[in-house]
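Asks:
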Amino acid sequence: MPDLKLLWEIQALDDRKRDLENKLERAREEEELKPLKADIEEGGALFNQIKKEYNDIKKNQKAKEMDVKCANEQVKNLEKRLYDGSITNVKEMNANSKELESLKNTIRETEDNILVFMEKQDELRAILEKMSIRLNNKADEYRSKHRALLAEQDKIRQLIAQIPLSREKLVEKLDGETWQRYEDMKERFNDPLARVEKATCMGCRMGITFNELRMLKHSDDLVYCSNCGRMLYWEKQG
235 MPDLKLLWEI QALDDRKRDL ENKLERAREE EELKPLKADI EEGGALFNQI
285 KKEYNDIKKN QKAKEMDVKC ANEQVKNLEK RLYDGSITNV KEMNANSKEL
335 ESLKNTIRET EDNILVFMEK QDELRAILEK MSIRLNNKAD EYRSKHRALL
385 AEQDKIRQLI AQIPLSREKL VEKLDGETWQ RYEDMKERFN DPLARVEKAT
435 CMGCRMGITF NELRMLKHSD DLVYCSNCGR MLYWEKQG
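This is the structure we're talking about:
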């Protein structure tokens with residue numbers, strides 16, 4: 235029987251190459267990073283939303299402060315007119331007094347609103363600071379894992395690149411007829427050669443016949459599994 239150990243080693247290299255290529259493809263898709271990336275994007279969107287709310291409140295506070303400033307100027311002018319003797323008409327004096335009181339009430343209410351805005355800003359600022367720390371930590375974690383993933387991809391590529399030469403050296407040692415039969419069978423199977431263990435074809439996991447087992451042990455011909463059609467490889471013990 236042809237020395238199928240070489241063929242078995244070639245098939246093992248092909249299997250390893252296929253596994254490494256699948257592993258490389260999974261690494262390229264960065265599946266393990268997707269949950270972390272989604273978490274960062276979701277956190278970033280929420281951070282921006284809260285920051286916008288913070289900026290809007292800050293803007294409203296400045297507008298209210300400007301309103302208070304203008305109202306205080308009006309109060310100052312009204313008080314001057316009321317107390318410098320320039321208004322002598324009682325009706326006009328009463329009207330200005332009411333306007334003055336209304337302005338002061340408006341100022342008090344506006345200042346209360348400003349205090350609420352300030353408290354809300356303090357609350358949001360604290361939230362943003364915590365979120366910023368959390369997002370920065372997650373971004374650092376993502377960058378670290380991404381670097382590790384790129385390094386793993388490079389390592390896998392190097393391993394894949396080593397396989398063709400090793401495979402070629404083995405093929406050169408194999409007889410042409412056996413190699414051609416193996417190549418022809420690859421149209422049907424990724425693994426045309428199946429190891430036999432405990433009288434079982436490990437390709438289809440079915441038991442082989444006593445005659446097939448006897449031929450494996452004693453015949454010089456290639457033996458095929460009667461169930462799946464793969465070449466059978468039996469490694470002599472000892």
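Counting in my numbering, the sequence shown runs from 235 upward without gaps. All C-beta atoms, glycine included, are put in the ideal place defined by N, C-alpha and C. Nothing here was measured: the structure is a model prediction, and the numbers come from that model.
#1: Alpha carbons only, please: which of 324, 397, 463 and 469 is nearest the one belonging to residue 452?
#2: Leaving out the 5 sequence neighbours to the left and right, which residues in its chain are closer than 7 Å to residue 393 when beta-carbon positions are compared?
#3: Could you have a look at residue 280 and say whether DSSP puts it in helix, strand or coil?
#4: Of all the options 322, 334, 304 and 305, which has the alpha carbon lying nearest to the alpha carbon of residue 313?
#5: Between residue 413 and residue 439, what straight-line distance do the alpha-carbon atoms span, to the nearest angstrom?
#6: Would you call the CB atoms of residue 240 and residue 408 closer than 8 Å?
#7: Determine the direct distance from the alpha carbon of residue 275 to that of residue 355, and round the result to whole angstroms.
#8: Is the Cβ-Cβ distance between residue 427 and residue 242 less than 8 Å?
#9: Do the segment 281-299 and the segment 358-373 make contact, defined as three or more Cβ pairs closer than 8 Å?
#10: Let me check understanding here. Comparing Cα to Cα, which of 424, 387, 306 and 256 lies closest to residue 463?
#11: Between 442, 307 and 411, which lies nearest to residue 455 when the distance is taken from Cα to Cα?
#12: Using the three-state DSSP reduction, which class does residue 464 fall into: helix, strand or coil?
#13: For the ligand NAD, any of its heavy atoms closer than 7 Å to the Cβ of residue 238?
#14: For a quick check, are the C-beta atoms of residue 309 and residue 344 less than 8 Å apart?
#15: State the start and end residues of the unbroken beta strand (DSSP E) segment that holds residue 431.
#16: List the whole-angstrom C-beta distance separating residue 280 from residue 390, where the pair is believed to meet the contact cut-off of C-beta under 8 Å.
#17: So the alpha helix (DSSP H) residue 423 belongs to, where does it begin and stop?
#18: What are the start and end residues of the alpha helix (DSSP H) that includes residue 405?
#19: Please report how far the alpha carbon of residue 374 lies from the alpha carbon of residue 360, in whole angstroms.
#20: Mapping the DSSP letters down to three states, classify residue 304 as helix, strand or coil.
#21: Can you tell me whether DSSP reads residue 436 as helix, strand or coil?
#22: Helix, strand or coil for residue 410 per DSSP?
Replies: Put simply:
#1: 469
#2: 254
#3: helix
#4: 334
#5: 24 Å
#6: yes
#7: 24 Å
#8: yes
#9: yes
#10: 424
#11: 411
#12: coil
#13: Only the bare structure without any ligand can be found here, which leaves the ligand NAD out of the picture.
#14: no
#15: 427-431
#16: Actually they are not in contact, since the Cβ atoms of residue 280 and residue 390 sit about 36 Å apart, beyond 8 Å.
#17: Unbroken run through residue 423: none, as it is neither H nor E.
#18: 324-407
#19: 21 Å
#20: helix
#21: coil
#22: helix
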